[in-house]
Amino acid sequence: MVMRKRLIDQDAKPFLYQSIGDYQKEQFEKSAFRTIGDLSHVIINLYGALPFPLQEGVPNNLGYDKRTKTLVFVDSPSKMTGYNTLKKAQELRAGFMGGWDKVVVLGWNFVTDIGKILENIKDDKLEVLVIPPDLLDQLKTKASYEKLIKTGKIKFSSLQYLTIKQIKVKQGKETDEIEVELDNYTLLSPDALPLDQKNKEKLEEVMGDDPLALIEYWSIDPDYDGETFRSKWQDYRQNTENDADEFRVIKKAKLEVPKVSGKRKVCVKAVDVFGFESATVQEVK
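So the mapping is simple: the working numbering equals the position in the sequence shown, first residue as 1, plus 2.
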């Protein structure tokens with residue numbers, strides 16, 4: 003997203019920007035960790051919890067915080083954290099070793115509709131946080147791991163959730179016009195952000211008054227194939243071509259698109275001022 007914005011700023015059109023491979027999975031395979039369990043134990047410690055002792059019947063990706071009676075579930079860097087993961091975490095919270103008051107899921111990669119999944123689940127005893135994507139780079143040696151533990155500099159960031167209003171379609175003979183409008187933006191765990199109390203209070207004020215003001219950049223793929231996102235429209239802060247407000251993105255966009263047979267799948271992606279990316283997908287006839 004950031005690279006795409008820079009290319010747009012430089013009027014580098016047309017351009018092809020490709021992200022190749024699964025970064026976390028590739029980094030894990032290059033790392034000194036022999037198993038996912040070894041990596042999970044390190045992440046649990048960095049989070050501030052304790053891993054369970056290795057024994058039969060105990061998953062090696064689980065940890066706990068005894069003081070708050072919280073279970074910690076670490077997902078694999080080779081998986082997409084989604085509904086099945088969250089359901090499993092809920093089941094473990096309810097039944098593992100007598101049950102827990104809360105479960106925290108730490109994930110690397112997330113399905114596109116993770117925000118909608120969490121909204122449908124409506125579970126205030128389930129928290130989902132993002133493992134820093136460059137963490138494996140910082141864990142190349144035992145010394146670097148011990149330093150991270152001592153300094154406590156690793157922050158597990160909030161998961162974010164973007165919603166759009168119902169897409170409007172104006173039918174034409176050969177093309178259609180679609181109108182996409184941003185609806186809301188939510189940081190699901192704002193307390194996880196590395197901000198002091200004063201700035202947290204300011205953030206809470208913005209989230210209450212105008213949460214879309216947190217959006218730095220957003221783009222639209224009007225013919226999303228479910229795998230590769232191809233941006234056909236974008237807006238970003240300091241872009242005054244769409245309106246005169248350089249401190250906010252516009253909230254509504256109209257695109258002329260080729261007609262399709264059947265349903266059209268539209269994907270909208272956004273990056274906020276903290277650099278977090280979120281996406282949502284909507285089907286229209």
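Glycine included, each C-beta is placed from N, C-alpha and C at the ideal position.
These numbers come from a predicted model, not from an experiment.
Asked: Residue(s) in a DSSP beta bridge with residue 255; Found: 182
Asked: Other residues of its chain near residue 181: CB distance less than 6 Å, five sequence neighbours each side excluded; Found: 170 and 256
Asked: Where residue 265 falls: helix, strand or coil (DSSP); Found: coil
Asked: For residue 41, the nearest candidate out of 108, 85, 68 and 201 (CA to CA); Found: 108
Asked: Proximity of residue 286 and residue 222 at Cβ, strictly below 8 Å; Found: no
Asked: Distance, residue 136 Cα to residue 263 Cα; Found: 42 Å
Asked: Residue 87, DSSP secondary structure in three states; Found: helix
Asked: Classification of residue 152 by the beta-carbon crowding that lies within 10 angstroms, buried from 16 upward; Found: exposed
Asked: Beta carbon of residue 219 nearer than 8 Å to that of residue 273; Found: yes
Asked: Classification of residue 60 by the beta-carbon crowding that lies within 10 angstroms, buried from 16 upward; Found: exposed
Asked: Rounded C-alpha distance that separates residue 276 from residue 211; Found: 18 Å
Asked: Span separating the alpha-carbon of residue 183 from that of residue 131; Found: 27 Å
Asked: Where residue 147 falls: helix, strand or coil (DSSP); Found: helix
Asked: Minimum C-alpha distance to residue 92 - residue among 120, 112, 69 and 148; Found: 120
Asked: Proximity below 8 Å, CB of residue 103 to CB of residue 72; Found: yes
Asked: Residues near residue 189 by beta carbon distance below 6 Å, same chain, minus five either side; Found: 160 and 162
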